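Note sheet for the following structure.
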Amino acid sequence: METEKMNKVVVDEEKRDIGVGASRKVSNSELFIRFMALLLSLAAALVLAFDKQTEIIPVTLVSTLPPLYVPATAKFHYLSAFTYFVVANAVACAYGAVSFIVTLAKRGSNKRGLANWIIMFDLIMVALLASGSGAAAAVGVLGYNGNEHVRWNKVCNVFGKFCNLVKVSVGFSLLGLLLFMFLVMIAVVRKR
Numbered sequence: 110m111e112t113e114k115m116n117k118v119v120v121d122e123e124k125r126d127i128g129v130g131a132s133r134k135v136s137n138s139e140l141f142i143r144f145m146a147l148l149l150s151l152a153a154a155l156v157l158a159f160d161k162q163t164e165i166i167p168v169t170l171v172s173t174l175p176p177l178y179v180p181a182t183a184k185f186h187y188l189s190a191f192t193y194f195v196v197a198n199a200v201a202c203a204y205g206a207v208s209f210i211v212t213l214a215k216r217g218s219n220k221r222g223l224a225n226w227i228i229m230f231d232l233i234m235v236a237l238l239a240s241g242s243g244a245a246a247a248v249g250v251l252g253y254n255g256n257e258h259v260r261w262n263k264v265c266n267v268f269g270k271f272c273n274l275v276k277v278s279v280g281f282s283l284l285g286l287l288l289f290m291f292l293v294m295i296a297v298v299r300k301r
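Here this note's numbering is used: the first residue of the sequence shown is 110, the next is one more, and so on.
Rendered as structure tokens:
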């Protein structure tokens, strides 16, 4: 009986040691993933925030008169979906920076309450980035294809550079979303 208790204690200590080693490896990879999510969210916000293109476009007032050539500018804040996208990525970037610092600081400790909050906010960032990317992608599709039913013309044939940078920005945001989702999956697996 005494020997069984001693063996059980030794086995429990070995499991604890194995768990600590595995947790440390996950922590290092978690820090890397968190840092990459931060960078991708920052890149997505900055690419679209500084995206601007001005083109001279012909405007026909009367079909018998020659067209007027007017400068037109495309900026992110002209469409509320793009503004929401930039703000959502800025929030995700700020949260990524805070959570990176907190995760780095708590690396050696075992604070369950803090870990639960981080998981919850990671999940909120997934939802925030998904909604922002969806909104920007929907407006981007309208820009590429237009909508004949409501007589909205496509604009990406005129503002090609702007539309291409919107695509890049949405791509960065979706990659950041996947990394935040991966962090949630790691946390769920670790809790099992």
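A virtual CB, placed ideally from N, CA and C, is assigned to each residue, including glycine.
All values derive from a computational prediction rather than experimental measurement.
Is the beta carbon of residue j closer than 8 Å to that of residue i?
i: Ser282; j: Ser136; result: no
i: Val183; j: Phe268; result: According to the sequence as given, residue 183 is Ala; it is not Val. In contact: Ala183 and Phe268 (Cβ atoms closer than 8 Å).
i: Asp231; j: Phe144; result: no
i: Ala206; j: Met234; result: no
i: Ala246; j: Val279; result: yes
i: Val248; j: Leu287; result: no
i: Thr196; j: Phe185; result: The residue asked about is misnamed: residue 196 is Val in this sequence, not Thr. Cβ atoms of Val196 and Phe185: not closer than 8 Å.
i: Leu251; j: Trp261; result: yes
Spatial neighbours of residue i within its chain, please: CB distance less than 6 Å, with the 5 preceding and 5 following residues excluded, ordered by chain position.
i: Asn198; result: Ser150, Ala153, Ala154 and Ser282
i: Gln162; result: Ala183, Phe268, Lys270 and Phe271
i: Ala296; result: Ile228
i: Arg125; result: With a pLDDT of 43 at Arg125, under the threshold of 50, the modelled position of that residue is not reliable, and no figure is offered here.
i: Val259; result: none
For residue i, which option in the options has the closest C-alpha, if you only look at C-alpha atoms?
i: Phe159; options: Phe191, Gly222 and Leu177; result: Phe191
i: Ile210; options: Ser240, Leu140 and Val297; result: Leu140
i: Ile142; options: Val275, Ser189, Leu292 and Ser172; result: Leu292
i: Ala146; options: Gly285, Ala296, Thr212 and Asn266; result: Gly285
i: Val264; options: Ser138, Glu164 and Arg221; result: Glu164
i: Ala181; options: Val171, Thr212, Pro167 and Ser189; result: Pro167
i: Asn225; options: Gly249, Leu237 and Met294; result: Met294
Go through its chain and collect everything with a Cβ distance to residue i's Cβ below 7 Å, but skip five positions before and after it.
i: Gly130; result: Because the pLDDT of Gly130 is 41, which lies under 50, any placement of that residue in the model is unreliable, and the question is left without a value.
i: Tyr193; result: Gly241 and Ala244
i: Val277; result: Val156
i: Arg133; result: Residue placement at Arg133 cannot be trusted, given a pLDDT of 44 that sits under 50; what the coordinates show is reported in the next sentence. For Arg133, where only same-chain residues beyond five positions count, there are no Cβ hits under 7 Å.
i: Asn254; result: Lys263
i: Val298; result: none
i: Lys215; result: Leu223
i: Pro176; result: Pro167, Val168 and Thr169
Ignore the nearest five residues each way along the sequence and tell me which others in residue i's own chain have a CB closer than 8 Å to its CB.
i: Val119; result: In this prediction, Val119 scores a pLDDT of 47, lower than 50, which makes its location untrustworthy; no coordinate-derived value is stated.
i: Ser208; result: Arg143, Ile227, Phe230 and Asp231
i: Leu237; result: Ala197, Val200 and Ala201
i: Thr212; result: Ser136, Glu139, Leu140, Arg143 and Ile227
i: Arg221; result: none
* **Whole runs of the alpha helix (DSSP H) within the segment 165-252, excluding any shorter than 4 residues** => Runs of the alpha helix (DSSP H) inside the segment 165-252: 189-214.
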